[in-house]
Structures are given as C-alpha cells and as structure tokens.
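A.B. asks: Before anything else, here's the structure in question.
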Amino acid sequence: MICENSTCKMSTKKQSSLFSFFTPKSGGTQSASEKSYSVKESLKKEVIVNEDIEEDSRRLKRVNNEDDYSPIARGKVTVKRRRVIVSSDEEDNVDENLLAVRTPPSTLQITTSTPISVAPNISTPKTARGYRPLKECSTPMSTMQAESFIDSFRVCEEDMDISAASVDTLDRTIYQVDPASRRLKDDQLPMTSDEKFMHETLPFLKPDKIRDAQGHRPNEDDYDPTTLFVPADFLKGQTPGFPEPAYGKFADQLVSRGYKVARIEQTETPQQLEERNRTANGGKEKVVRREVCRVTTSGTRTYAVLDGCNLYGGETDNGETQSKYLLSIKEMVEGNVSSYGICFVDTSVGKFILGEFRDDDYSSYLRTLIANFTPVQVVFERGHLSACCKAILNGVLNSVQKEGLSPKRQFFDAEDTLKLLANDKYLGADHHTWPETLRNMLVSDSVVAKPRLDSLLALSALGAVLYYLQRCLIDVDMFTMRDFTALEPLEKSFKLDREWTNRQMILDGITIENLNLVPGDSRDTQAASLSLYSTVEKLTFKPGKRLLRQWICAPICDVNILKARQEAVEWLISPAAARFNEKASELLRKMPDLERLLQKIHTLGLKYRAESHPDSRAVMFEAANYNKRKIKDLLNTLAGFQACYDLIMVYDKLRQDHDGCLLLDQFLGLDDEVDLYTHLEHFAKSFNSTVAEKEGVIVPQKGHDEEYDNACQSVNIAMQQLDLYRKEQENKLRCKGFGRYTTEELDDLIEAVFKAEAYKDQQRDDATRRVFSDFDSRRPIWSNVLGRIAQVDVLLSLARYCQTCGLAVCRPQFVSNAEKPFLIIEEGYHPCLAVKLPINEATSACTYIANDSLLGGDHPPTVLLTGPNMGGKSTLMRQVAVLTVLAHMGSLVPAGSMRLSPVDRIFTRIGANDRITCAQSTFFVELKETLIILRNATKHSLVLIDELGRGTSTFDGTAIASAVLSDISRRIQCRSFFSTHYHSLCRAASVNPNVTLAHMACMVENENESNPTEESVTFLYRLTSGVCPKSYGFYAARLAGVRPEVVKDAYNASAMLFDSVTHKKMAIAAVKAVARAGGSLEQLRNMVEAL
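This is the structure in structure tokens:
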C-alpha cells in the first residue's frame, strides 16, 4: 500500500473509508450504456492538456479558484493514462489547499495503459436511493475519469453508515451488519455468485499461482511469506495510494482489518534528482527517489504524528486504551514436555516482557500468559513448533494474525541477538550498562555479552522481535526505550507456604474466561458489560485503565499492600475526601494518554531519527502541520504533568490539615527526589510555547540551549568583525557618499557571516529535536509520576464502584498466618450480577439473593453442592471466586463480612466446551482441566469444579467425579466447591470429614410423581445445608419450551431406568444374603444366571 499526497478534490461523504476499494462490485448484468451514460458524456468533455512548463513545473503554486493560472491546466489535447486517486475529507474545502502543481509532491503517479478513447465502461453503484450522481471536479489536474473510476467501486458514507472516528465499528459497518441480529441490513443485498472482489480477478493472486519475490511456492522450505511476486506489467499500470493528510485514517482502517500498511514517501526533490544525475556516471534517472518509511501491522502500532485525521489536534485518540501486544514464541521440545522462550512487546509504549520457562504437557503457563497479555499478532520460528503448540495458537488465538519467520535468517538465535543489541544505535557495546532484566540473562563474568543456558530461548524470541521491528522501521525507537520486564517462572508461585510478600495470585486463561473477569474478544457485548473490569472501571486516565486490567488479571497476595489499598479506598469513600475526589476527577479527565505520549516524544527526540531514518529524508508537503502536531504533543504532555502536579498540590493541602492516608501519602506526597515542579518550570522557561505552537518550530530562550546559543554568538561575532572592518574602511578612506568595491578580506568576512547564519539556521532547525531529547532524558522522573498517578486513579475507580454499586460493602479481613486456610463470607453478592442484573420482561425490578459461604478453618474445606437445574449453583461458585479476586485487588467487597487467608491461585472447571481446532472432545477438555487442578493446586488454592463427568456415561462420570472429589478433599485439602447432579456422590461423601453437603434451595408446588408437567418449582437461590432430593430436570425442560408430551415420555423412560436399576440392586442384595447364609454353590450359580 502506497500512502502519499494526492491532488484530487472529492466529496467528503464519498471519501470516509478506503475499504470501498475492497468491496465487491457487480459482475455486470446491466448493459454498458445503462451503466455509464453520464460518465461517457463527461469523458467527452474531459481534456488533458500540456504546454511548455519547464520553469513553472519547478515551483509550488496554490490555486484558490478555477480561474487561477495553472501551469499544466491548458494546452493541446493529448491522450493520458489514467490515475487512480483516493482522496480524503480534509481536501473538501472549496477554496483551500487546492494545488495546481506540488513540486515536492509525495505522490507516486498512478497510471494504467488504458487510454481515454478506449476506456472501459464504468458503472456507478446503485444504492437504496438510486444512482449516485457524480460530483463536479474543481481541481484542474483531477480528471473526471479518475473520479468516476473511484466512484465505480466505492460505497458512499450513507451506505456504510460509518463515522471517520469510528474505526472499532468498521467490521460491522463495512458489510452493513446489524449488531443486534448480525444480519445484513434490509437495504443491502448479500453478495451474489457473479460478484467478485477486484483482487480475485488477478492471476498471480490465485492460490495455485502465488509465489514469493524469489519465485518460491508456499509449500517450499525457502518460501518467504513477507514478499509476493508481482508481474512487472502489472506494476507499470497500477500504483494505488491515498493523500498524505488522510494517511492516518485510511491506514488505521486497513490495519484494523488485518492488513499490513507500508508508507512510502518521496525522499528527493526534483532539484536533488538533477544534481544526482549530473554527478552520476551512469544513465539518467527520470523519477525521484522514494523509500519505505514505515510498515504498520496490528501488533506494531505506535500512534505517531502522521496517524489520525486531525492535522492540528496533537495526540491521536482513537479510543483504544488497552495494550496490543506482539508475541514472539520459540519452542524446544524434550520428550513430551516443551520449553518456551516468550517475548511480548507493546509498541505503543515501548515495553518488552520476556522470559523462558519449562511448561507442563498441557502448556498451562503458556495459556496463562496469553490470557494475561492477549496478543494481536504472533511471530514464530517456521518449522520448529510442535503440534501441541500449534493447536494452542490456533485454538486460543484463532483470530490473531500469525507469521512464521525463517530460522537464523529472520528468527535470530541468542548469540546473534546479543551481537545486534551491542550496536551503538540500540544498547551499546558495554553490556554492563544494559537494562537489569537483560543483564540477568547474561553470563556475569564474561567480557562480552554471552547468554546463559537458561535464557537461550528467551533471547532468541527477543531476536525475532528485533527483526520484525527492523522490518517495520521502528527497531531503534523501541529498544532505546530500554524498558524490559522479566516474566516470573510459575513454579515459584507453587512453592508458596506462608511467605506472601510481593506475591501475586495466579489466574490462568481458563479461569479468566470462566469468571468473566475482563472483556474477551467473543464480541458478546452483554458478557463484556458484565465482566469484573467493566463493573469496577470508573476511570478517566488511560494508563489507569491499563493498570486496572493488570490488577484484575494478577491480583496481589501481599497482605501489607492489600491493607494499605483498603485504607485508601475507605478514606476515598469517606465524606472527608469528597472535595478531593471531585478535584481529582476533574484533573484526571484533562490528562491525555501520557504513557503513549512519552514513547512518541522519545522517538521524536532521537538523533537517529533526524539523521539516518528514511523519515528524515522524506519530502512532506504537510511538514509544517506535522511539526505543529509534534509541538502540540509536547505541550499536551507538559500540560498533563502540570495537572499531575496540581493533583499533588491539592492532596498536599489535605495533608497539612492532617487528613489523608498512608498510601496516598506515598503516591501524592511531595518528594524531594522527584521535584516535578522544577522540571516543568525548566520547560516553561526554555521556549515560548505560544510561538512554538503557532509556527511549529521551537526557538530556545537564551541560556537553555548551549548549541543554539553558540551558533547565535558565532553570528554576532561574524557581524561584529564585518562591522569593524567597515568602520575601519570608512575611517581610512574618509570619503563622502559611497562607492562599490570589494576586497579579499571583505569577501572572507561576508563568507564567514553566511556560514555562521547557515549554522545558526541548522541549529535552530535541530533545536526542536533537542528539546524533545531533553524531555526524554528525564523519562525516569515522568514515568515515576505517571505510575503513581495511575495507581491513584485505580483506587479512585474502586472507591467509585463502592459508592455507586448500591450494595452494602465491607472490608475483607486477611489473615496470613492461619494454621488452616479458610474463606468465610456472610451475605455475599456477586460484584457484577448484583449491580447489573438483567430485568425480566414481566417485572420492572428483581432482587439478587445474598448467600453465606464457609470454606476451611473450623469448617470442612470442600463443599459438595447439589440443587435443581437453574438453581444458582454455578453462579454461587463464580460469586465466591470473583469476590476473592476483588478482595485481592485491595477493594471493599459487596458482602456483610469477609474473612480469608490469602489465595495463591484460583482453578475453575466450569462449562462444557470442546476444542475442534485442537482435536479435543468435551470430555477430554474436562479431564485436562481437572488434571491441571490435581497437579498444581496447593492447600492455599481455591478450586471450583462444576458437574465433572457429564461428558461421558453416567457410571464413568460418577466414578471419575468421586475419585477427583476424594483426592481434592483428602490429599490437597484446599478450599473448593464441587457441584454435581450425581446424588450417589453425596452418600459416599457423607462419611468424609473434609466435605460438607449443601444445596441450592427451592420450593415445589403441585408435586406429582406420575405427571411432572404439573409441578411448579420456585428457585430460592439460597444456599442450604444437606442434599437436594432431585435435580428437577423435567421442570427445566418445560421452562425451555419442550412440549409436554415429550416431557412425559422422558419421565416414563426415567422411571423405567430407575426400576431396572432398583431391580438389579435388589437381586444383587439377595445373592449376597444367600451367600452369607451359606447357600449352595449351585443355588448361587442359578441366581447369578438369572440376574
């Protein structure tokens, strides 16, 4: 995709999305005359002219109306090849920014070999309103044929119902999908068999014709999927692109749809081309040089100044607040166990997360990492992934882009990675100055960087990320951020006993999904709205939103930290903090996404960017506007940190009145080591922000930029010497009037002035970058303040949840030194369902029933839960787990009281789903998830098992459930809920001292053993001790709408099965009785044969 300037003026409504290019067009059922009559009429009038423009073509001229002179607008009639131009709504103003000639055009001429005289029939797409009229073109260079060609395969904005700012809804709007019904809208016909996308007609894109740039087929080992063979004749005729100002909007839409977008810019002016041809020994080139300046994929977005559609708005805000990770994975298989090297990178903030670990046979830690850091793109080593790992990636990340890299050449090994990182443009040759996370992966006593044996896979995964970022031309931007975090091995968390300091609760992907803790990618809007994240998220600061997700996916187990957070939340909901909450919310609302802005400013301050990167050579027509956006980003960032300082001062006034709490004192207290005001004052005095924002250039104040000051001083000295020489000559000649003459000394002095002025201009142009670099050099200060403010925002969000949930909340009491793990909840509510409970159509309101839960301590650690179908068993189990997660975040919880010892991990075996892509049946998934529990659970864990064994026969399922229940309650002895409909389990568990029997109560009216369709069951949703007599499945069938006749037949079949089982049990009992009484062998043989 080539994204550059265009000179075509088009309608705003017909330019909102480049994706009209990818929509199918009709196979041509209408006649040519009916399709394009108006187009042909306009083409008859269209004339493209030339005249001698040798001088005019070299200068830039703006045309404000159609009568203004244009050097290429008139001349003799000639036949021109067609240009395909996609414009944007930024160019829709009639009298502004219309160009006759753009001498530094960043436009690649887009032509085909089809002359106007033999132009193909061009159809205007039909809509519900009839044929779309063509808009009159007001730009001399824009031909009617180019505009109508675009119009022929474009859907207008009314058809798509899309907003320029609504990128997230593109999937729904492009094909007119109704979010409620997921069906095509009434006025949009589905694609018919004779309709094809444009790319489907190209021969070299046919599946049996695709090759890479070297001619390799996809089934060959050397195939490179990053390249594509395109015939030369096709390239000569096609160069699609869109205008420079619209790059951000169109590129973002393409990337959101899964495309990779390459931005190609002109990096040479015509004058530079002439100079290069003059000095070249070979042939003369006719086209200015162009270079790829950026490749953007879904996992490598950076939100740079060219992104977005607002030319003057500063920071781009597209509504995407959560991190979008690029994942690199390297696997090594030993026996049946895999070891993984993992590297995540969030390019929007320049953060790397990497580590190496040995996983179990179910790859549970890999699944956990994917759930915690959900990637949007995956790169892996081609030919080196096991079938199990492929199944996980295809199953868990089935909708995520995956790309295989060639071993060694693209997926670097550890040694090659370290050699590249030692480059001065990355981390430098002295590895002792590298970030601590990377130093810990190196041999400590080695003179050169040498990887440790237990870090080979992790460093190789980092090397793959390095290669991919190199290809995207953002490698230096990311690695010079020097932000690396190590993944903690999962095994350390399993060895917890009573040491909880700095520990985090482990929530694997299965648990996060089963408990609905964070919104998933299933596009279930109702489930997303009922997630724990959506329930407690009352945030206005975007880094705080990302931090809240981390708190939910990795809750803290450190009791001291939990108590500090609880005290902060209690103070924030107190009347004394009302004024602070109001002021804090006001200030936080003004803050932009400072975390991403820090990365943008770091990139803008790099000397490498200004000297070596292709963007430094790009000839940008909108350069002045981009410079203004850069300045706006810096000023927005400074204003954001000024708001942070104001928030600190607001809290400092409370501290002076002896109010506040210890944790907020730590986050918002004035710190001598981090004097934020001093740094803000430095930038306030270093340049005039008003002038800089207006002109797009920072001119440093005297005394704030040594290099610029020296350049100014050099100019003054040169001017003084020249003025001194002039005065000497005046005194020496003593002439009246004046005469023109020159000397060698005068020429040298004038040349010195010119050089000094040129050097001053050079330093002035680079002064903006140096200000950005100066700001970036203080990044540890900014990051420290940013992290503290983000935590304050999350605490405020938890406080707002407690105030607005409408439920009584309490402070959970943690006991870290309990002899037996325990969990006691009185009158507990589900934090999400109780607040956002759906309303029944027949009632205007409904009530959530609170329940008590007693696990461990003086009570048995395991609860065997029975009850009717739809009676609330699964909801109660999830309620206890979600309350535990909320308590470990440091929040107050909706309950009468809650006491517990810390939980190291929550396991869930809930629901019945197969994994077709992984070739795993429903029952196999049940057993695998159960295996993870039995293998990894400790006495400090919380386990939820819901109806284990229903995926197989009743007898096999009962036997497996009984064995698992016994192992959990006797060997592990962890806090657990075990729900079942196998009532025979209750008889066996009644003698187990570690199991208590409970059920969800219900009330039955008109109970009828002969006709269950007359029964009426009222669910009480109250946890009660004892065993439920039966499951009332026939009543659930009746509620589901099953016909009464079918329910009666099912009941009769159940009675027959029950009678058969009862008869067998009685016969077996009789045989045992005869055997005990001493019956003969012949008698026993006859009884067994009869049985």
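Going by UniProt numbering, 998 is the number at position 998 of the sequence shown; the sequence numbering is gapless. Glycine included, each C-beta is placed from N, C-alpha and C at the ideal position. The structure displayed is predicted, hence computed values, not measured ones.
(1) With the cut-off set at 8 Å, would you say residue 255 and residue 296 are in Cβ contact?
(2) Where does residue 1032 sit, in a helix, a strand or coil, going by DSSP?
(3) Is the beta carbon of residue 823 closer than 8 Å to that of residue 965?
(4) Which class does residue 573 belong to by DSSP, given the choice of helix, strand or coil?
(5) Taking the continuous beta strand (DSSP E) assigned at residue 999, which residues delimit it?
(6) If you drop the 5 nearest sequence neighbours on each side, which residues of the same chain put their C-beta closer than 6 Å to that of residue 343?
(7) Using a Cβ-Cβ cutoff of less than 7 Å, which residues in the same chain neighbour residue 588 once the five nearest sequence positions on both sides are dropped?
(8) Do you know whose CA, among 1032, 1046, 990 and 1051, lies nearest residue 1026's CA?
(9) Since residue 962 is in the alpha helix (DSSP H), which residue starts that stretch and which ends it?
(10) State buried or exposed for residue 335, treating a residue as buried only when at least 16 other CB atoms are found within 10 Å of its CB.
(11) Alpha carbon to alpha carbon, how far is residue 924 from residue 951?
(12) Scan the stretch 826-909 and note each continuous alpha helix (DSSP H) run of 4 residues or more that stays entirely inside, going in chain order.
(13) Given this structure, state the Cα-to-Cα distance separating residue 979 from residue 910, to the nearest angstrom.
(14) With distance defined between alpha-carbon atoms, name the residue in 1016, 557, 1030 and 748 nearest to residue 1038.
(15) Going by beta-carbon coordinates alone, are residue 358 and residue 339 separated by less than 8 Å?
(16) Residue ranges of each beta strand (DSSP E) run of no fewer than 3 residues wholly in the stretch 319-359, ordered along the chain?
(17) When DSSP labels each residue in this structure, what does residue 698 get in the three-state scheme?
(18) Can we say the stretch 933-946 touches the stretch 863-882, given the rule of at least three CB pairs closer than 8 Å?
(19) Please work out which residues of its chain come closer than 6 Å, Cβ to Cβ, to residue 421, disregarding the five sequence neighbours upstream and downstream, and give them in chain order.
(20) When we look at the beta-carbon of residue 770 and count the other beta-carbons within 10 Å, is it buried (16 or more) or exposed?
(21) Would residue 948 and residue 961 qualify as a contact pair, given that the criterion is a beta-carbon distance under 8 Å?
(22) Quick one: what's residue 1019 bridged to in DSSP?
(23) For residue 542, report the span of its alpha helix (DSSP H) as first-last.
(24) In three-state terms, what does DSSP make of residue 537?
(25) Give me the Cα-Cα distance between residue 545 and residue 1050, rounded to the nearest whole angstrom.
(26) State the DSSP-derived secondary structure class of residue 1092, mapped to helix, strand or coil.
(27) Find the nearest neighbour of residue 1000 within the set 993, 988, 1018 and 278, judged by alpha-carbon distance.
(28) From this set, 1022, 657, 695 and 276, which residue's C-alpha is nearest residue 287's C-alpha?
(29) Here's the rule: buried if 16 or more other CB atoms are within 10 angstroms of the residue's CB, otherwise exposed. What is residue 144?
(30) Cα separation between residue 605 and residue 762?
(31) Helix, strand or coil, according to DSSP, for residue 761 in the structure here?
(32) Using beta-carbon positions only, say whether residue 849 and residue 1021 come within less than 8 Å of one another.
(33) How would you write the range of the beta strand (DSSP E) that residue 237 sits in, first residue to last?
(34) Between the stretch 894-912 and the stretch 546-562, do at least 3 Cβ pairs fall closer than 8 Å?
(35) Any chance you could list the alpha helix (DSSP H) runs of at least 4 consecutive residues sitting entirely within the stretch 458-532, in chain order?
(36) With DSSP collapsed to three states, give me the class of residue 1093.
C.D. replies: Taking the definition as stated:
(1) Position 255 of the sequence shown holds residue 255. Position 296 of the sequence shown holds residue 296. Taking 8 Å as the Cβ cut-off, residue 255 and residue 296 qualify as a contacting pair.
(2) Numbered from 1 along the sequence shown, position 1032 holds the residue referred to as residue 1032. DSSP places residue 1032 in coil when its eight states are reduced to three.
(3) For the purposes of this step, residue 965 is taken as the residue at position 965 of the sequence shown. For the purposes of this step, residue 823 is taken as the residue at position 823 of the sequence shown. The answer is no: Cβ separation not under 8 Å.
(4) For the purposes of this step, residue 573 is taken as residue 573 along the sequence shown, with counting starting at 1. Coil at residue 573, not helix or strand.
(5) Within the sequence shown, numbered from 1, the residue matching residue 999 stands at position 999. 995-1005 is the span of the beta strand (DSSP E), which, as asked, contains residue 999.
(6) Sequence index remark: in the sequence shown, residue 343 carries index 343 (1-based). So the qualifying residues of the chain are 328, 354, 461, 462 and 465.
(7) Stepping through the sequence shown from its first residue, residue 588 is reached at position 588. 540, 541 and 793, listed in sequence order.
(8) Here the question's residue 1026 lines up with position 1026 in the sequence shown. Checking every option, the nearest Cα to that of residue 1026 belongs to 990.
(9) The residue given as residue 962 occupies position 962 in the sequence shown. 954-967 is the extent of the alpha helix (DSSP H) around residue 962.
(10) As a first step, residue 335 must be located in the sequence shown, where it is residue number 335. Residue 335 is exposed by the Cβ-count criterion.
(11) Residue 924 sits at position 924 when you count from the first residue of the sequence shown. Residue 951 sits at position 951 when you count from the first residue of the sequence shown. The straight-line gap from Cα to Cα measures roughly 8 Å.
(12) 873-888
(13) Start at 1 with the first residue of the sequence shown, and residue 979 comes out as number 979. Start at 1 with the first residue of the sequence shown, and residue 910 comes out as number 910. Answer to the nearest angstrom: the Cα atoms are 10 Å apart.
(14) Your numbering for residue 1038 matches position 1038 in the sequence shown. The candidate whose alpha carbon is nearest that of residue 1038 is 1016.
(15) Taking the sequence shown and counting its residues from 1, the one referred to as residue 358 is at position 358. Taking the sequence shown and counting its residues from 1, the one referred to as residue 339 is at position 339. Yes, these two residues count as a Cβ contact at 8 Å.
(16) 325-334, 337-346 and 351-358
(17) On the sequence shown, position 698 is the one that residue 698 refers to. DSSP places residue 698 in coil when its eight states are reduced to three.
(18) yes
(19) As a working note, residue 421 is residue 421 in the sequence shown. Cβ neighbours of residue 421 beyond the five flanking positions: 427.
(20) Counting from one through the sequence shown, the residue named residue 770 turns up at place 770. Residue 770 comes out buried.
(21) Numbered from its first residue, the sequence shown carries residue 948 at position 948. Numbered from its first residue, the sequence shown carries residue 961 at position 961. Result yes, Cβ atoms of residue 948 and residue 961 sit closer than 8 Å.
(22) Stepping through the sequence shown from its first residue, residue 1019 is reached at position 1019. 1002, per the DSSP bridge assignment.
(23) Position 542 of the sequence shown, counted from the first residue, corresponds to residue 542. Here the alpha helix (DSSP H) through residue 542 covers 542-553.
(24) By 1-based counting over the sequence shown, the position of residue 537 is 537. If DSSP states are grouped into helix, strand and coil, residue 537 belongs with coil.
(25) As a position in the sequence shown, residue 545 is number 545, starting the count at 1. As a position in the sequence shown, residue 1050 is number 1050, starting the count at 1. Computed Cα separation, rounded: 51 Å.
(26) No answer is possible for residue 1092: the residues shown for the chain start at 1 and end at 1091.
(27) Here residue 1000 corresponds to residue number 1000 of the sequence shown, with the count starting at 1. That would be 1018, whose Cα lies nearest to the Cα of residue 1000.
(28) By 1-based counting over the sequence shown, the position of residue 287 is 287. Residue 276 is the option with its Cα nearest to residue 287.
(29) Start at 1 with the first residue of the sequence shown, and residue 144 comes out as number 144. Note that residue 144 scores 40 on pLDDT, short of 50, meaning its location in the model is unreliable; the coordinates nonetheless yield the value given after this. Label assigned to residue 144: buried.
(30) For the purposes of this step, residue 605 is taken as the residue at position 605 of the sequence shown. For the purposes of this step, residue 762 is taken as the residue at position 762 of the sequence shown. One C-alpha to the other measures close to 16 Å.
(31) Along the sequence shown, one-based indexing puts residue 761 at 761. Three-state result, residue 761: helix.
(32) Here the question's residue 849 lines up with position 849 in the sequence shown. Here the question's residue 1021 lines up with position 1021 in the sequence shown. The answer is yes: Cβ separation under 8 Å.
(33) Indexing the sequence shown from 1 puts residue 237 at position 237. Run containing residue 237: none in the beta strand (DSSP E); it sits in the alpha helix (DSSP H), 232-237.
(34) yes
(35) 475-479, 490-494, 509-514 and 525-529
(36) Nothing in the structure corresponds to residue 1093, since the chain is present only between 1 and 1091.
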